[in-house]
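Protein chains in written order, with the numbering used here: chain A, 234 to 495; chain B, 3 to 320.
The C-beta atom is built at its ideal place from N, Cα and C for all residues, glycine as well.
Down below is the structure, laid out as structure tokens.
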Amino acid sequence: MKVLVTVKEVATVEDEFEIDGTAIDERYLGADLNEWDDYAIEEAVQLSEDGVVDEVVTVTIGPEDCEQTIRQALAKGADRAIRVWDDTLEGVDLLDVDAKTAILEAVVEEEAPDLVLSGVQSGDDSWGATGVSLAESIDFQWAAVVNDLDHDLGDVASVRRELEGGVEELTDVELPAVLTIQTGINEPRYASLRGIRMAQRKELATKTLADLGVDESAVEGAVRLTDMYEPESETDVTVWEGGAEETAGELAELLRDKGVVA
Amino acid sequence: MSDILAIVDHRRGELREVSYELVTAGRELADETGGDLHLAVISGTVEAFAEKLDREGVDAVHTVDHGEEFNHDVYAQTVTQLYDELAPEYVLAANSVNGLDYAPAVAAELDLPIVTDVVDLAVDGESLVATREMYGGKVETTTELDANSAIVTIREGEWPAAEGTGDAAIEAFDAEIDEDAIGSTVTGFEEVAAGDVDITEADVLVSIGRGIEEEENLDIVRDLADALGATLSSSRPIVDAGWLPASRQVGQSGKVVTPDVYIAIGISGAVQHVAGMKGSDTIVAINTDPNAPIMDIADYAIVDDLFDVVPALAEEFQ
Ligand SMILES: Cc1cc2nc3c(=O)[nH]c(=O)nc-3n(C[C@H](O)[C@H](O)[C@H](O)COP(=O)(O)OP(=O)(O)OC[C@H]3O[C@@H](n4cnc5c(N)ncnc54)[C@H](O)[C@@H]3O)c2cc1C
């Protein structure tokens with residue numbers, strides 16, 4: 234059985250930042266493996282360690298810069314990686330769900346996995362929709378927001394979906410399927426030194442849209458980013474100033490006023 | 003084509019609050035597009051639901067009697083057929099866990115764009131303008147659509163719930179469900195997070211988030227909670243890491259708490275966390291980031307390192 238894991242490098246933002254047009258100024262951005270994808274990778278690697286899965290392949294849409302993040306996934310135990318990028322993508326302001334789906338669909342067609350694991354959402358643009366959209370497009374079954382997967386995979390994946398308010402839904406999903414993985418499903422490992430060394434030798438294939446037979450127009454998407462701003466705060470928060478001692482003193486006084494402590 | 007179709011959300015025999023919020027959002031949008039607001043309620047006790055949904059501004063409620071609970075295949079097939087039948091301009095759904103389990107599939111099936119987790123909507127000329135957040139709420143964005151029809155999921159709690167009673171036409175919609183295409187079966191539900199203490203009963207919560215960095219560091223918050231006679235709770239990453247049991251998690255997938263005082267320490271205030279604690283009487287945030295979204299709902303804040311402030315505060319009461 235082959236698993237394809239969607240792995241995204243997300244932008245992280247410093248506490249203080251400036252916005253430049255419809256993006257955060259690059260000076261204030263860092264990069265990290267998407268939190269939810271980390272759990273998806275771990276789940277795939279555990280399936281492979283349990284002997285349920287023969288190969289774990291990752292797919293990333295992103296420029297060369299994100300190879301470091303992809304190597305992290307390889308160091309954690311993925312077998313090989315695919316990175317999709319070209320000039321067309323460079324020019325796109327916002328890759329919407331349709332655009333991502335079109336690209337991932339082409340990769341699935343080439344790789345023919347039995348199971349696709351993706352994160353519930355990405356920490357930067359948080360669409361939360363790509364996995365299910367992909368499933369429909371490739372005619373796979375699916376389940377969104379999965380926080381438990383029974384590794385006894387036959388023709389069916391038994392999963393738990395985490396609903397709101399502490400309720401979980403138990404669901405059987407026929408394979409092939411796309412599962413969107415929720416944090417907490419497992420404990421993502423840190424890459425070991427050995428893993429990091431081995432990752433350098435693993436295959437990381439790069440593909441253009443043309444390689445995948447994806448039409449350029451497919452990634453333009455219908456959703457256009459037109460503005461970005463810091464949310465106007467409606468708050469009338471009282472910020473206590475001073476050193477830790479002073480501010481802790483203010484809070485202590487409040488707690489005494491409220492009768493929390495005598 | 004200028005009608006709006008909103009798909010309501012329910013679970014285990016109850017309409018979820020977001021269903022009434024969808025009515026408000028849908029009505030606002032229908033007023034802007036000059037169309038009618040259609041609701042659809044799929045599965046469950048649809049007739050009883052429809053009566054409750056007949057609030058002011060609703061033009062029609064389409065009921066689809068099929069199964070007790072949510073099944074995404076049934077939803078996806080039904081919404082697709084309703085779309086073909088009613089030809090609405092926009093389809094609204096909840097950005098709930100279930101919303102995200104069928105709405106993207108409908109969009110893909112109908113080849114429509116999808117915009118998720120929207121906090122505000124407007125129509126500018128012909129174009130739908132949706133406001134959404136990025137980077138965990140640090141920035142807000144507006145997106146415009148180069149399409150005349152779309153699926154939109156709305157964030158829970160952003161629109162007031164619709165009230166009043168209306169005179170909607172309540173009609174059964176005869177969806178043709180292809181049972182062979184149903185590839186998943188719900189086999190049950192389970193309440194999790196029952197456990198050690200009931201954080202919903204606490205008057206004072208000391209709540210810790212990822213800012214605590216390491217499990218060992220939890221001791222300083224425990225000390226503070228002890229000194230205050232408060233109960234310890236947390237954001238999700240602490241529970242995901244296994245440092246506290248699920249019963250301590252505050253938020254959308256955890257518990258909804260309403261203490262007199264909620265002290266959020268090293269918690270950014272992501273929407274899913276805020277969903278669980280915004281009803282607290284007094285909210286105090288301790289966070290190094292002056293722009294963290296938690297500041298928007300806090301009454302008092304200390305913008306400083308928790309490793310300095312928390313011990314100093316515990317000291318005050320020892
Ligand atoms: C479907 C779904 C359901 C979810 N359900 C929940 C839920 O029920 N509950 C929940 O909490 N989350 C939930 N989440 C996760 C949520 O989106 C956030 O990821 C999570 O709330 C972030 O937790 P945090 O604020 O502790 O961590 P972060 O967002 O990482 O924030 C850490 C904060 O600590 C501050 N900090 C760092 N170091 C220090 C220091 N030394 N001193 C002071 N401050 C410091 C930082 O400035 C930052 O603001 C859910 C997500 C999804 C997709």
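(request) Would you verify that the beta carbon of residue 254 of chain B is, or is not, closer than 8 angstroms to some beta carbon of chain A? (result) To locate residue 254 of chain B, count along the second sequence from 1; it is residue 252. Yes, its Cβ sits closer than 8 angstroms to a Cβ of chain A.
(message) So, with DSSP's three-state summary, where would you put residue 275 of chain B?
(response) Position 273 of the second sequence, counted from the first residue, corresponds to residue 275 of chain B. In this structure, residue 275 of chain B counts as helix in the three-state DSSP scheme.
(message) What I want to know is whether the C-beta of residue 393 of chain A ends up closer than 7 angstroms to one or more non-hydrogen atoms of ligand 1.
(response) For the purposes of this step, residue 393 of chain A is identified with residue 160 of the first sequence, where counting begins at 1. No; taking the cut-off as 7 angstroms, the Cβ of residue 393 of chain A has no heavy atom of ligand 1 nearer than that.
(message) I want to verify the contact list: residues of chain A whose CB lies under 9 angstroms from the CB of residue 297 of chain B, in sequence order.
(response) Mapped onto the second sequence, residue 297 of chain B falls at position 295. Near residue 297 of chain B (Cβ distances below 9 angstroms), the residues of chain A are 466, 468, 470 and 472.
(message) Let me check understanding here. Comparing Cα to Cα, which of A:345, A:329, A:347 and A:244 lies closest to residue 116 of chain B?
(response) Translated into positions along the second sequence, residue 116 of chain B becomes position 114. In this structure, A:329 is the residue among A:345, A:329, A:347 and A:244 with its C-alpha nearest to the C-alpha of residue 116 of chain B.
(request) In the DSSP assignment, find the unbroken alpha helix (DSSP H) run with residue 191 of chain B in it and report its ends. (result) Here residue 191 of chain B corresponds to residue number 189 of the second sequence, with the count starting at 1. Here residue 191 of chain B belongs to no alpha helix (DSSP H); instead the beta strand (DSSP E) covers 186-193.
(message) Which same chain residues end up closer than 7 angstroms to residue 319 of chain B when comparing Cβ atoms and leaving out the 5 residues on each side of it in sequence?
(response) Mapped onto the second sequence, residue 319 of chain B falls at position 317. Closer than 7 angstroms at the Cβ level, and outside the excluded window around residue 319 of chain B, lie 229 and 230.
(message) If distances are taken between C-alpha atoms only, which option among A:294, A:402 and A:273 comes closest to residue 103 of chain B?
(response) Working through the second sequence from its first residue, we reach residue 103 of chain B at position 101. Ranking A:294, A:402 and A:273 by Cα distance to residue 103 of chain B puts A:402 first.
(message) Please list, in chain order, the chain A residues whose beta carbon lies closer than 8 angstroms to that of residue 219 of chain B.
(response) For this step, residue 219 of chain B is matched to residue 217 along the second sequence. The contacting residues do not exist; residue 219 of chain B stays about 16 angstroms from chain A at best.
(message) Taking 7 angstroms as the cut-off, is the beta-carbon of residue 378 of chain A closer than that to any non-hydrogen atom of ligand 1?
(response) As a first step, residue 378 of chain A must be located in the first sequence, where it is residue number 145. Result yes, Cβ under 7 angstroms from ligand 1.
(request) Sort A:288, A:263, A:262 and A:261 by Cα distance to residue 274 of chain A and report the nearest one. (result) For the purposes of this step, residue 274 of chain A is identified with residue 41 of the first sequence, where counting begins at 1. Looking at A:288, A:263, A:262 and A:261, the one whose alpha-carbon comes closest to that of residue 274 of chain A is A:288.
(request) Would you mind sorting residue 120 of chain B into buried or exposed? The rule is 16 or more other CB atoms within 10 Å of its CB. (result) The residue labelled residue 120 of chain B in the question sits at position 118 within the second sequence. Residue 120 of chain B comes out buried.
(message) When you compare the CB positions of residue 378 of chain A and residue 433 of chain A, do they come within less than 8 angstroms of one another, or not?
(response) On the first sequence, residue 378 of chain A is found 145 positions in, with the first residue counted as 1. On the first sequence, residue 433 of chain A is found 200 positions in, with the first residue counted as 1. Taking 8 angstroms as the cut-off, the Cβ atoms of residue 378 of chain A and residue 433 of chain A do not count as close.
(message) Quick check on residue 237 of chain A: does DSSP put it in helix, strand or coil?
(response) As a first step, residue 237 of chain A is located in the first sequence; it is residue number 4 there, counting from the start. DSSP places residue 237 of chain A in strand when its eight states are reduced to three.
(request) Could you say which of A:291, A:296 and A:313 lies nearest to residue 436 of chain A if we only look at CA atoms? (result) To locate residue 436 of chain A, count along the first sequence from 1; it is residue 203. Nearest of A:291, A:296 and A:313 to residue 436 of chain A, Cα basis: A:313.
(request) Name, going along the chain, the residues of the region 251-276 of chain A whose beta-carbon falls closer than 8 angstroms to a beta-carbon of chain B. (result) Here the close residues are 252, 255 and 257.
(message) List, in chain order, every chain B residue whose beta-carbon is nearer than 9 angstroms to that of residue 462 of chain A.
(response) On the first sequence, residue 462 of chain A is found 229 positions in, with the first residue counted as 1. Going along chain B in sequence order, the residues near residue 462 of chain A (Cβ under 9 angstroms) are 141, 142, 143 and 144.
(message) Given a cut-off of 8 angstroms on the beta-carbon distance, is the pair residue 310 of chain A and residue 428 of chain A in contact?
(response) Stepping through the first sequence from its first residue, residue 310 of chain A is reached at position 77. Stepping through the first sequence from its first residue, residue 428 of chain A is reached at position 195. Contact: yes.
(request) Can you have a look at residue 395 of chain A and say buried or exposed, based on whether 16 or more other CB atoms are within 10 angstroms of its CB? (result) The sequence position of residue 395 of chain A within the first sequence is 162, counting from 1. Looking at its Cβ environment, which holds 16 or more other Cβ atoms inside 10 Å, residue 395 of chain A is buried.
(request) State the Cα-Cα distance for the pair residue 304 of chain A and residue 105 of chain B, rounded to the nearest angstrom. (result) As a first step, residue 304 of chain A is located in the first sequence; it is residue number 71 there, counting from the start. As a first step, residue 105 of chain B is located in the second sequence; it is residue number 103 there, counting from the start. If I take the Cα positions, the gap works out to 33 angstroms.
(request) For my contact list, residue 221 of chain B and residue 101 of chain B are in at a C-beta cut-off of 8 angstroms; report their separation, rounded to the angstrom. (result) The residue labelled residue 221 of chain B in the question sits at position 219 within the second sequence. The residue labelled residue 101 of chain B in the question sits at position 99 within the second sequence. Wrong, their Cβ atoms sit about 40 angstroms apart, outside the cutoff.
(message) Just to confirm my understanding: we take residue 114 of chain B, look at its own chain, exclude 5 residues before and 5 after, and list those with CB closer than 6 angstroms. What are they?
(response) Here the question's residue 114 of chain B lines up with position 112 in the second sequence. Cβ within range, chain order: 151, 152 and 153.
(message) Could you check whether the Cβ of residue 275 of chain B sits closer than 7 angstroms to any heavy atom belonging to ligand 1?
(response) Taking the first residue of the second sequence as 1, we reach residue 275 of chain B at position 273. Yes, the beta carbon of residue 275 of chain B sits closer than 7 angstroms to at least one heavy atom of ligand 1.
(message) By the DSSP assignment, the beta strand (DSSP E) with residue 374 of chain A in it spans what residues?
(response) Mapped onto the first sequence, residue 374 of chain A falls at position 141. 374-382 is the span of the beta strand (DSSP E), which, as asked, contains residue 374 of chain A.
(request) Compile a chain-ordered list of the residues in the region 352-364 of chain A whose CB is closer than 9 angstroms to at least one CB of chain B. (result) 353, 354, 356, 357, 358, 359, 360, 361, 362, 363 and 364
(message) Check whether chain B comes within 8 angstroms of residue 482 of chain A, counting only Cβ atoms and requiring the distance to be less than that.
(response) By one-based count along the first sequence, residue 482 of chain A stands at place 249. For residue 482 of chain A, the answer is yes, since a Cβ of chain B falls inside 8 angstroms of its Cβ.
(message) At a threshold of 7 angstroms, does residue 414 of chain A count as lining ligand 1 (C-beta to nearest heavy atom)?
(response) Here residue 414 of chain A refers to the residue found at position 181 of the first sequence. Residue 414 of chain A: no, Cβ never under 7 angstroms from ligand 1.
(message) For the pair the region 151-171 of chain B and the region 473-492 of chain A, tell me if three or more CB-CB distances fall below 8 angstroms.
(response) no
(message) Mapping the DSSP letters down to three states, classify residue 251 of chain B as helix, strand or coil.
(response) The residue labelled residue 251 of chain B in the question sits at position 249 within the second sequence. Strand at residue 251 of chain B.
(message) Please report the straight-line C-alpha distance between residue 304 of chain B and residue 286 of chain B, rounded to a whole angstrom.
(response) One-based indexing of the second sequence puts residue 304 of chain B at position 302. One-based indexing of the second sequence puts residue 286 of chain B at position 284. Whole-angstrom Cα-Cα distance: 8 angstroms.
(message) Taking CB distances under 8 angstroms as the criterion, tell me whether residue 430 of chain A reaches chain B.
(response) For the purposes of this step, residue 430 of chain A is taken as residue 197 along the first sequence, with counting starting at 1. Taking CB atoms only, residue 430 of chain A has no neighbour in chain B less than 8 angstroms away.
(request) Identify every residue that forms a DSSP beta bridge with residue 308 of chain B. (result) What you label residue 308 of chain B is simply residue 306 of the second sequence in a count that begins at 1. The partner list for residue 308 of chain B (beta bridge, DSSP) is empty, contrary to what the question assumes.
(request) Report the rounded CA-to-CA distance for residue 339 of chain A versus residue 291 of chain A, giving the unit in angstroms. (result) Counted from its first residue, the first sequence places residue 339 of chain A at position 106. Counted from its first residue, the first sequence places residue 291 of chain A at position 58. One C-alpha to the other measures close to 14 angstroms.
(request) Check whether the Cβ of residue 472 of chain A sits closer than 7 angstroms to any heavy atom of ligand 1, and report yes or no. (result) One-based indexing of the first sequence puts residue 472 of chain A at position 239. Result no, Cβ not under 7 angstroms from ligand 1.
(request) Can you give me the Cβ contacts of residue 70 of chain B inside the same chain, cut-off strictly under 7 angstroms, excluding the 5 residues immediately before and after it? (result) Along the second sequence, read from residue 1 onward, the residue named residue 70 of chain B stands at position 68. Closer than 7 angstroms at the Cβ level, and outside the excluded window around residue 70 of chain B, lie 45 and 46.
(message) For a contact defined as C-beta to C-beta under 9 angstroms, what are the partners of residue 115 of chain B on chain A?
(response) As a working note, residue 115 of chain B is residue 113 in the second sequence. Those within 9 angstroms of residue 115 of chain B in chain A are 329, 330, 331, 454, 455 and 456.
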